[in-house]
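Notes follow once the structure below has been shown.
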Amino acid sequence: MAQEKKNGKQTVKIIKTAVSGVLCVVLAGGIVAANVLIPPNASSVQSVLNLKDAGIDNSEAKTEGVDMEYSKPKFDTLDALMEDEIALNRQIAGEGIVLLKNDANKMPYSTGTTFSFVSHSSVAYIGGAKGDLKTAFEASGFGVNETLWNFYSEGNGKDYVRGVGSVSYGDDEDFSINECPLSVMQSEEGLLDSMKGTVPVFVFSRIVGEGRDMPRSMYNHTDVPEDQSKTYLEPNSDELAILQYLNDNFDDVVLLLNSGAAVDLSWVSQFPNIHTVISAPSMGDYGLYSLAEIFAGNINPSGRTVDTYEADPLSSPAAQNFGDFSYYTEDGEQTKYNYVSYKEGIYVGYRYYETRYEDTVLGQGNPGDYSYTDSVIYPFGYGLSYTTFEWSNYKTSWDGTTCTVTVDVKNTGSRAGKDVVEVFAQSPYTDYDKANNIEKASVELVGYGKTSELAPGASETVTVTFDQEQLKSYDYTTAKTYILDAGDYYITAAKNAHDAVNNILAVKGKTVEDGMTAEGNPALVATYTPSNGTVDTTTYANDTTTGVAITNLFDDANGGLQYLSRQDWVGTWPTTDGEVSDQISTWGNPINGTDANGQPASYTYYKTLTAEELAKLDSFDSLNPTDPATLTDTPVYGAENGLGLIDLRGLSYDDPKWNQLLDQLTPDDYQTLITQSGYGTAAIKSVDKPAATDRDAATGLINYGIDESGNFTFSQNINHAGVVVLAQTYNDELALHFGENIGDESYYLDVDGWYAPAMNTHRTPFSGRNAEYYSEDPFLAGSMAAQEVRGVASRGMYVFVKHFAINDQENHRGDRDGQYSLATFLNEQAAREIYLEPFEMAVKSGTVDMSYAQDNGDGTYSNATTQIPACTGVMTSFNRIGYTWAGGNYNLITGLLRNEWGFHGFVITDNANTGVFMDAGQMIQAGADGKLTNLPTGARYTFDKDNISDYHYGREAAHNILYTIANSKVMNGGMPGSDYVAAVEPYQTVIYAVDAVCGVLILILVVLTVLRFRKKKQTA
35 MAQEKKNGKQ
45 TVKIIKTAVS
55 GVLCVVLAGG
65 IVAANVLIPP
75 NASSVQSVLN
85 LKDAGIDNSE
95 AKTEGVDMEY
105 SKPKFDTLDA
115 LMEDEIALNR
125 QIAGEGIVLL
135 KNDANKMPYS
145 TGTTFSFVSH
155 SSVAYIGGAK
165 GDLKTAFEAS
175 GFGVNETLWN
185 FYSEGNGKDY
195 VRGVGSVSYG
205 DDEDFSINEC
215 PLSVMQSEEG
225 LLDSMKGTVP
235 VFVFSRIVGE
245 GRDMPRSMYN
255 HTDVPEDQSK
265 TYLEPNSDEL
275 AILQYLNDNF
285 DDVVLLLNSG
295 AAVDLSWVSQ
305 FPNIHTVISA
315 PSMGDYGLYS
325 LAEIFAGNIN
335 PSGRTVDTYE
345 ADPLSSPAAQ
355 NFGDFSYYTE
365 DGEQTKYNYV
375 SYKEGIYVGY
385 RYYETRYEDT
395 VLGQGNPGDY
405 SYTDSVIYPF
415 GYGLSYTTFE
425 WSNYKTSWDG
435 TTCTVTVDVK
445 NTGSRAGKDV
455 VEVFAQSPYT
465 DYDKANNIEK
475 ASVELVGYGK
485 TSELAPGASE
495 TVTVTFDQEQ
505 LKSYDYTTAK
515 TYILDAGDYY
525 ITAAKNAHDA
535 VNNILAVKGK
545 TVEDGMTAEG
555 NPALVATYTP
565 SNGTVDTTTY
575 ANDTTTGVAI
585 TNLFDDANGG
595 LQYLSRQDWV
605 GTWPTTDGEV
615 SDQISTWGNP
625 INGTDANGQP
635 ASYTYYKTLT
645 AEELAKLDSF
655 DSLNPTDPAT
665 LTDTPVYGAE
675 NGLGLIDLRG
685 LSYDDPKWNQ
695 LLDQLTPDDY
705 QTLITQSGYG
715 TAAIKSVDKP
725 AATDRDAATG
735 LINYGIDESG
745 NFTFSQNINH
755 AGVVVLAQTY
765 NDELALHFGE
775 NIGDESYYLD
785 VDGWYAPAMN
795 THRTPFSGRN
805 AEYYSEDPFL
815 AGSMAAQEVR
825 GVASRGMYVF
835 VKHFAINDQE
845 NHRGDRDGQY
855 SLATFLNEQA
865 AREIYLEPFE
875 MAVKSGTVDM
885 SYAQDNGDGT
895 YSNATTQIPA
905 CTGVMTSFNR
915 IGYTWAGGNY
925 NLITGLLRNE
935 WGFHGFVITD
945 NANTGVFMDA
955 GQMIQAGADG
965 KLTNLPTGAR
975 YTFDKDNISD
985 YHYGREAAHN
995 ILYTIANSKV
1005 MNGGMPGSDY
1015 VAAVEPYQTV
1025 IYAVDAVCGV
1035 LILILVVLTV
1045 LRFRKKKQTA
């Protein structure tokens, strides 16, 4: 018995010791984690824990007479800023909402009208937060059907919630529409009767999401056969049944579009009592109040479309190759790679629809049986007003290469309102172009202007300028640079892209008798004939900003594809680049086959790639032509040159002093800057660089932290209207103001860099992130983004324009398990004229003034001002250009961005925590700088201090990152002689605390274990 008792005690001791051992391992892991994870994420840790910096030590600095707040917000208080932001949100919404249809002039409505908001989306409006439809409309004096509202918000209709779209950034998707059926509404006693005497407003919402594109068929999202073959952009059978009921029982129905995509509206004509269609995408916190004011007539709509509303979004040339395409090996095995082929070339959006229309009227280019009216519901640049405007006295004048367009705009109606003047140009489509596969769109937007609010009878002269350079074209086959064709160019002012083409056709002598949809106005057209008598291959062969020679950089992305040409529309029409596989598509492909039961089904497309092509995809080759063996750098680390980053503020990028500063960096500094720059960059003691904080999102800064109750929380001033709404204003002043607001927010949210603006192209309306991007038109996107960039930079904040580049679909982008990026193929003309132009405009958005402390040479300092580029940050993309990852593509980053465009600054990857193919070595060799990672496991790279290539390219990367930080608001509060990085930073106290607590607990556990097995002294 005694032995059993002794054995039992021994067992207990062993168990306790095992538990202690496990706890020691866990505590030791806590120590390791704190020391490894916290330093590279210092800014985020301090933000989350609400820890304040130790502060800048200015005790040794000669601060007398120096204002060290180099950049400041416009507003002294958060309340004043919020008041301005709310007003701007309302103004952007008021000018960005587009009235698409008002055929019976039912809009605006008199106050006292009661509206019945129909569909569950009415109580879950996408992009509205601080005020719902009911609150906003009641504030404007309208009534809202409470019975119906309560049915959707808290009654039997509350559970009919639309799917979230992309699930967890693309791990899965749920695009179920799940609208409350009419039968349920009919079974609810008194519900439909409550609508009598009201105006029904059907809210048609479609959601988007990062990581997944909108389905081209609903095969995976509904069990209703008739709905499975539909796209997500059109109404399903439940929605159509409700719309039919409304049409049959009401003589006035409003269709309210709540989507960042140009949805399919071909069905609206089936319902003649839908007299009004109005587009109000993401409205932000207060934009719905402006929507209500438009309904009331207190705001006259002046928004214009930024995309073409297609009758069938699947019929565009781009849609033939969009979605779920997989590579297979020569042995028939599916690879981990996907691809997409831009066989439409430059013919995206209105560039396709308007050009084929003109060729149909002119009887050229084998246009086939193309019908514009069957293809387009609303053209690019379209929008209605409650008043009418008359344009007159149209003129163009040239001063060198600058064209000034003026037109007098008069309000001839009975309500005050604003009008938009859009200027389009048509370049000649010459024999040289045809012989060398250069494509020309019928018209291209080259400028726009918006009037002030004009009272009835009032007039205003609108002036728009553009440069001859905007008329150039890219010849990727022969001259391999930009050319300016000889011949006549047409410059027209128009209300939309289709009117522009009709104006030009009128000058060419065409009328409705020739197949035009309407007569054009030749008085709004001017002809320009440049001085070159033959094609000019030299004037724009060098970048007009940097002087660097321009030539092909992306031949490896051409893919040998047949690209759409207006020489032969029918003969070059894009075929789907792949065969139908036997794998059901879980990424939303259109119906492209039948299942085992003979029912329509959606399958993945595939094509076979060669072993050589597969090797290119597997490779981490950056395409950098420099042989690493030719690099002759002598590594220098830890030099004691006595410089701090503040000493470089205000100096040029090429100032020799940068080399002295960079010599002070240690190998650990390189590792940190290159591999862990996500959501901010860490403090670097060797160069006295303070920590910086970078945050999302496109509609306003969001930071995060811990509230007073210890709960994790997000902080945000305001959710602004979406950028589609901003672009629909066609008002550059509002874009600039928006950028200034973002910069002002940064001071109150403790943020330094902004992961925005996002400026990829609406290649099709199905892209999952179209709501974050501006338009199908590169000029409009670039103009808006450039203004935002300038506004942000004016406050000392830096931006990361994204996603560079040609990242126009979300499917298979490469950031989820098993995804290794999307190989994108296109010709160089399309790359430069469509997809890269917005980035170029943002990068070349000019300069802003920057204040710094200047050494007077006599031991004193004073404030001085210099100019720095407004754009000092770029975020690369997940996709590949050809076979090479964009963020590790030398031709894109060094060849184009840095050399040709002259960019100086910080190039960061997209989320590299999950992008496992994003190799840091490839990245820095390509000319990019930092990975958007904040976990050591995301680094997948170790800086080798003895490797000359690592040192050479790592030094360039560090220079770029530090240049951006030095010339930003991060450096506020100090000057040369100051110490920015304290001996012990707040985040380090967290590490010490973790080390101490865990260490003490480990010691206690060890002592208890020793005592547990120590024999007790025998007592007498």
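Residue numbers (my numbering): 35 to 1054.
Even glycine gets a Cβ: it sits at the ideal position worked out from N, Cα and C.
These numbers come from a predicted model, not from an experiment.
Count the other CB atoms within 10 Å of the CB of Ala591; is the residue buried (16 or more) or exposed (fewer)? buried
Going by DSSP, name the residue or residues bridged to Asp91. Asp1013
Please name the residue, chosen from Ala962, Lys50, Ile90, that lies closest to Val1015 on a Cα-to-Cα basis. Ile90
Compute the distance between the beta-carbons of Phe359 and Val382, then report whether it is under 7 Å. no
Using DSSP with H/G/I as helix, E/B as strand and the rest coil, what is Thr906? coil
What's the gap between the Cα of Val6 and the Cα of Asn254? In the structure displayed, the chain extends from 35 to 1054; residue 6 sits before or after that span and is not available.
What beta strand (DSSP E) runs, 3 residues minimum, are completely inside the segment 820 to 874? 835 to 838, 856 to 859
Taking only the alpha-carbon atoms, compute the straight-line gap between Asp467 and Val480 and give it to the nearest angstrom. 21 Å
Find the nearest neighbour of Thr182 within the set Tyr987, Val152, Leu682, judged by alpha-carbon distance. Checking the displayed sequence, the identity of residue 182 turns out to be Leu instead of Thr. The option with the nearest alpha carbon to Leu182 is Val152.
Using a Cβ-Cβ cut-off of 6 Å (strictly less than) and excluding sequence neighbours within five positions of Val614, which residues of its own chain qualify? Asn626, Gly627, Tyr637
In or out: Tyr764 buried (at least 16 other Cβ within 10 Å) or exposed? buried
Please report the straight-line C-alpha distance between Gly1073 and Ile902, rounded to a whole angstrom. The chain is shown only over 35 to 1054; residue 1073 falls outside these bounds and no answer can be derived.
What three-state label does DSSP hand Pro234 in the structure shown? strand
Pull up the DSSP beta-bridge partners for Trp1059, would you. The question about residue 1059 has no answer here: the residues shown for the chain are numbered 35 through 1054.
Excluding five sequence neighbours on each side, which residues of the same chain lie with their C-beta closer than 6 Å to the C-beta of Pro351? Glu378, Tyr381, Tyr386, Leu598, Pro608
At least three beta-carbon pairs within less than 8 Å, the segment 660 to 676 to the segment 1000 to 1013: no
Determine the closest residue to Gln956 out of Ile942, Tyr523, Asn566, with distance taken between C-alpha atoms. Ile942
Sub-7 Å separation of Asn841 and Asn804 beta-carbons: no
To the nearest angstrom, how far is it from the Cα of Ala52 to the Cα of Gly199? 47 Å
At which residue ranges does the segment 915 to 995 contain complete beta strand (DSSP E) runs of 3 or more residues, listed in the order of the chain? 940 to 945, 964 to 966
Pair every Cβ in the segment 389 to 402 with every Cβ in the segment 502 to 511, then say whether three or more of these pairs are closer than 8 Å. no
Would you mind giving the Cβ-Cβ distance between Gly916 and Phe859, rounded to the nearest angstrom? I have them listed as a contact below 8 Å. 6 Å
Boundaries (first-last residue) of the alpha helix (DSSP H) holding Asp208: Note, Asp208: premise wrong, no alpha helix (DSSP H); beta strand (DSSP E) at 206 to 208.
For Thr497, which residues from the same chain have a beta carbon less than 8 Å from its beta carbon, with the 5 sequence-adjacent residues on both sides left out? Thr438, Val439, Thr440, Gly483
Whole angstroms is fine: what's the gap from Val1044's alpha carbon to Ala67's? 27 Å
Can you grab the Cα-Cα spacing for the pair Thr1053 / Gly739, in whole Å? Any reading at Thr1053 needs caution, since the residue's pLDDT is 46, under 50, leaving its predicted position unreliable; the model's value is listed next. Roughly 59 Å between the two C-alpha positions.
Express the C-alpha separation of Leu1042 and Arg1048 in angstroms, rounding to a whole number. 10 Å
Can you grab the Cα-Cα spacing for the pair Lys544 / Thr485, in whole Å? 31 Å
For Gln959, which of Gln460, Thr918, Ser271 has the nearest alpha-carbon? Thr918
Just how far apart, CA to CA, sit Phe772 and Gly949? 31 Å
Around the Cβ of Gln368, are there at least 16 other Cβ atoms within 10 angstroms (buried) or fewer (exposed)? exposed
6 Å Cβ shell around Leu768 - same chain, five flanking residues per side excluded: Ile126
Simplified DSSP assignment, three categories, for Arg250: coil
Assigned exposure category for Gln460 - 16 Cβ within 10 Å defines buried: buried
Between Val559 and Glu553, how many whole angstroms is the CB-CB distance? I'm expecting something under 8 Å. Not a contact, Cβ separation roughly 13 Å.
Delimiting residues of the alpha helix (DSSP H) encompassing Phe151: Not the alpha helix (DSSP H): Phe151 falls in the beta strand (DSSP E), residues 148 to 152.
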